[in-house]
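Trainee: As they're listed, the protein sequences go chains A and B.
For the first sequence, position 135 matches number 135 in my numbering, and the numbering has no gaps at all.
For the second sequence, position 104 matches number 510 in my numbering, and the numbering has no gaps at all.
The structure follows.
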Amino acid sequence: MSTVETNSATAHGHDNHDPHLAHHFDTPEQQFQSAKLGMWVFLGTEILMFGGLFCAYSVYRHNHPDVFAVAHEALDRTLGAINTLVLITSSLTMAWAVRCAQLGQQRALRWLMAVTLIGGYGFLGIKAVEYHTKWEHNLFFGHWHNTYYGWDGKQPVKGYFQEELENKEANGEQPGANGSEAPTAPEKAPAAPAAPAPAAAPVAEAAANPASSIPDMTFQPGSAIDGNAGTNDQAKIVATFADPRGVAPHYATPAGEPAVNVNNLTPPDAERMYTFFAVYFFMTGLHGLHVVIGMSVIYWVLLRAGGPQRKAYLVPAAPISVGLFLTYLGIIIPGPSRLPLLVIGISIAVAGALWAVLWSTFGSRVPAAEPEFGPNYFTPVDLAGLYWHLVDMVWIFLFPLLYLIH
Amino acid sequence: MAAEQQHPTLTPAGAEGHGIDPNIGGKHIHSTSPMLLLGVYGILVFLTILTVAVTKVDVGDFNIWIALAIAVAKASFVALYFMHLRWDSPFNGAILIFAFVFVAIFIGMSVMDSHNYRPFMHAPTPGTAPY
Chain A
1 MSTVETNSAT AHGHDNHDPH LAHHFDTPEQ QFQSAKLGMW VFLGTEILMF GGLFCAYSVY
61 RHNHPDVFAV AHEALDRTLG AINTLVLITS SLTMAWAVRC AQLGQQRALR WLMAVTLIGG
121 YGFLGIKAVE YHTKWEHNLF FGHWHNTYYG WDGKQPVKGY FQEELENKEA NGEQPGANGS
181 EAPTAPEKAP AAPAAPAPAA APVAEAAANP ASSIPDMTFQ PGSAIDGNAG TNDQAKIVAT
241 FADPRGVAPH YATPAGEPAV NVNNLTPPDA ERMYTFFAVY FFMTGLHGLH VVIGMSVIYW
301 VLLRAGGPQR KAYLVPAAPI SVGLFLTYLG IIIPGPSRLP LLVIGISIAV AGALWAVLWS
361 TFGSRVPAAE PEFGPNYFTP VDLAGLYWHL VDMVWIFLFP LLYLIH
Chain B
407 MAAEQQHPTL TPAGAEGHGI DPNIGGKHIH STSPMLLLGV YGILVFLTIL TVAVTKVDVG
467 DFNIWIALAI AVAKASFVAL YFMHLRWDSP FNGAILIFAF VFVAIFIGMS VMDSHNYRPF
527 MHAPTPGTAP Y
């Protein structure tokens, strides 16, 4: 008993060993390797999580290669390539920051982590431009009036999105940009679908054959992508592919054989383009979330590297940069969201700047502390770096798979 | 009791600059040299340009495999040098490789299943949707 007490008294003395060393580790090296192993196990689970989305991508692309070949043309290859370079560059600065932490180069460590964070903002900023372009052209997942076969009367299944539409109608709201394109009444749909002129034959066929509750969606020559001919969506899809911000479509292979293009997609494939954008948004969205988390972690490590004496400007740097980013979003995104984004963004940035000025002017002076990271202890920098490199690695796969489909 | 004596005392981080041996508890830790980091960065930039360039060349079904091979090469450079795996415990690298292997099995099995249904999808019964 007394031995144990002596042991614990010695162990909690803290005066003869590294303060970063937890008592359940024998040596700092063992602690470092354990932390690193734990991080790698976590990164393994991250890869498995992204694996689910890559699996969805693979199955869907395997089943609908034409949809992918056409729909990916709406993505901007140049912006995607620039974003790849931005992430690789920020990966370089982060790897260099780890080296600086190992060598105790405090100033370079802080600057390289700050540059890494700027790279993260740059990536998100370019991504915002891309997302906005898709949104502008209605290239979005689960678009409520284009989820099933379109809502031009051929819709036999009352889906969730149609219910939403009916609710909107019941509330007296305009169902879409063009109110005259309202769907048929839901009561009619299951029993006797209304038959508009162009789709009369297949729907009549389906009605005549009660065993088949799904209308004929096989390709009809001349119908081009007009599974929803005359609706806003057709115009928007076509407009997207004429958009200079999109990439120039290659409509023929070098051999001269006509490749599938937006004009000869079958109507169901034209509809399926929305599923491509679902895959695109979920994959890049989860990746973008990881960028945000990685930036937060790096910022936290930067705060620790800066020490208490630099908190007066490193802490307000967060609201200032977030506010500036929201202002940037307000500048690039027109429409009703612009004003709130600008107001909130500028307010946060100004408040942060004010905070920094007040803190550095009236805050109590903090004596310079011993740098936290150095040759003996750099685990947080190393592990934050590993996370950031994983984010880079996921994008290395996403870029060719989404943007560079041949 | 004796273990406590083995704990190294905290040495000051020292002046900025080179000549400091990164070590944890007296064990030397490898730090990557700037020239190596910049070299790997150059390779990654080159491979990024290459992967965009090869999409202009039509080699049919092989385009996807070329793109994936370049992506795997880039990921390997990131893992080996930026993520320091080349000098790490091989167990860390094994975790990464096995994660990729399991994802490949997952995707491979799912695509094989889809492949089985391919004839049904491409020869739809008249009057039914080709889903």
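For each residue, glycine too, the CB sits at the ideal point set by N, CA and C.
A quick note: this is a predicted structure, and the numbers were derived from the prediction, not measured.
1. With a threshold of 16 other CB atoms inside 10 Å of the CB of A:His290, please say whether the residue is buried or exposed.
2. The alpha helix (DSSP H) that contains B:Thr457, what's its start and end?
3. If we call anything under 8 Å between Cβ atoms a contact, is A:Gly352 one with A:Ile320?
4. For B:Ile370, decide whether its Cβ has a neighbour in chain A, counting only Cβ atoms nearer than 8 Å.
5. Grab the span of the alpha helix (DSSP H) containing B:Asn498 for me, first residue to last.
6. Which residues, taken in chain order from the stretch 489-505 of chain B, show a beta carbon closer than 8 Å to some beta carbon of chain A?
7. Identify each residue in the stretch 284-303 of chain A for which the Cβ-Cβ distance to at least one residue of chain B is less than 7 Å, and report them in chain order.
8. Which of helix, strand or coil does DSSP assign to A:Gly374?
9. When the Cβ atoms of the stretch 17-31 of chain A are set against those of the stretch 478-490 of chain B, are three or more pairs found closer than 8 Å?
10. Can you tell me whether DSSP reads B:His490 as helix, strand or coil?
11. Can you check whether the C-beta of A:Ala224 is within less than 8 Å of a C-beta belonging to chain B?
12. Are the C-beta of B:Ile449 and some C-beta of chain A separated by less than 8 Å?
13. What number of angstroms, rounded off, separates the C-alpha of A:Ile343 from the C-alpha of A:Leu79?
14. Considering only the beta carbon of each residue, do A:Ala369 and A:Tyr313 sit closer than 8 Å?
15. Which of the residues in the stretch 39-52 of chain A, read from start to end, lie with their CB under 9 Å from any CB of chain B?
16. Where does the unbroken alpha helix (DSSP H) through A:Val350 begin, and where does it stop?
17. Apart from the five residues just before and just after B:Leu453, which ones in its own chain have a Cβ nearer than 7 Å to its Cβ?
18. Hey, would you say A:Val98 sits closer than 8 Å to A:Phe123, going by beta carbons?
19. Name the residues in the stretch 466-477 of chain B whose C-beta lies less than 8 Å from a C-beta of chain A; which are they?
20. Find the residues of chain B that neighbour A:Val59, judging by a C-beta separation of less than 9 Å, and give them in chain order.
21. Give me the Cα-Cα distance between B:Met441 and B:Ile449, rounded to the nearest whole angstrom.
22. Assuming A:Glu73 is part of the alpha helix (DSSP H), what are its boundary residues?
23. Closest to A:Asp66 by CA distance: which of A:Arg107, A:Leu103, A:Thr275, A:Thr379 is it?
24. Establish whether the CB of B:Phe452 and some CB of chain C are separated by less than 8 Å.
25. Would you decide whether A:Gln309 is buried or exposed? Buried here means 16 or more other CB atoms lie within 10 Å of its CB.
26. Verify the CB distance criterion: does B:Val458 have a CB-CB separation below 8 Å to chain A?
27. Between the stretch 70-94 of chain A and chain B, which residues of the former have a C-beta closer than 8 Å to a C-beta of the latter?
28. Rank A:Cys55, A:Asn83, A:Leu383 by C-alpha distance to the C-alpha of B:Asn498 and give the top, closest one.
29. With C-beta atoms as the reference, is B:Ser495 less than 8 Å away from A:Gln31?
30. Between which two residues does the alpha helix (DSSP H) containing A:Arg310 stretch?
31. I'd like to know if B:Ala443 contacts chain A, where contact means its C-beta is closer than 8 Å to some C-beta of that chain.
32. For A:Ile405, name the three-state secondary structure that DSSP assigns.
33. Beta carbons nearer than 9 Å to chain B: which residues of the stretch 312-340 of chain A have them?
34. Note down, one range per segment and in chain order, each alpha helix (DSSP H) of at least 4 residues found wholly within the stretch 57-108 of chain A.
Mentor: To lay it out plainly:
1. buried
2. 440-459
3. yes
4. Outside the shown range of chain B, which is 407 to 537, sits residue 370 of chain B, and nothing can be said about it.
5. 496-522
6. Met489, His490, Asp494, Ser495, Phe497, Asn498, Ile501, Leu502, Phe504, Ala505
7. none
8. strand
9. no
10. coil
11. Bear in mind that the predicted position of A:Ala224 carries a pLDDT of just 36, short of 50, making it unreliable; the figure below should be weighed with that in mind. No - not a single Cβ of chain B is within 8 Å of the one on A:Ala224.
12. no
13. The residue you asked about is not Ile; residue 343 of chain A is Val in the sequence shown. Distance between the alpha carbons of A:Val343 and A:Leu79: 28 Å.
14. no
15. Met39, Trp40, Val41, Leu43, Gly44, Thr45, Glu46, Ile47, Leu48, Phe50, Gly51, Gly52
16. 338-362
17. Ile476, Ala479, Lys480
18. no
19. Asn469, Ile470, Ala473, Leu474, Ile476, Ala477
20. Ile513, Ser516, Val517, Asp519, Ser520
21. 12 Å
22. First-last for A:Glu73: undefined, no H or E at that position.
23. A:Thr275
24. Here the protein chains are A and B, and chain C is not one of them.
25. exposed
26. yes
27. Arg77, Ala81, Thr84, Leu85, Ile88, Thr89, Ser91, Leu92, Met94
28. A:Leu383
29. no
30. Neither: A:Arg310 is in no alpha helix (DSSP H) and is coded neither H nor E.
31. One point to set straight first is that residue 443 of chain B is Leu, not Ala, in the sequence displayed. Yes, because at least one Cβ of chain A sits closer than 8 Å to the Cβ of B:Leu443.
32. coil
33. none
34. 65-71, 77-103
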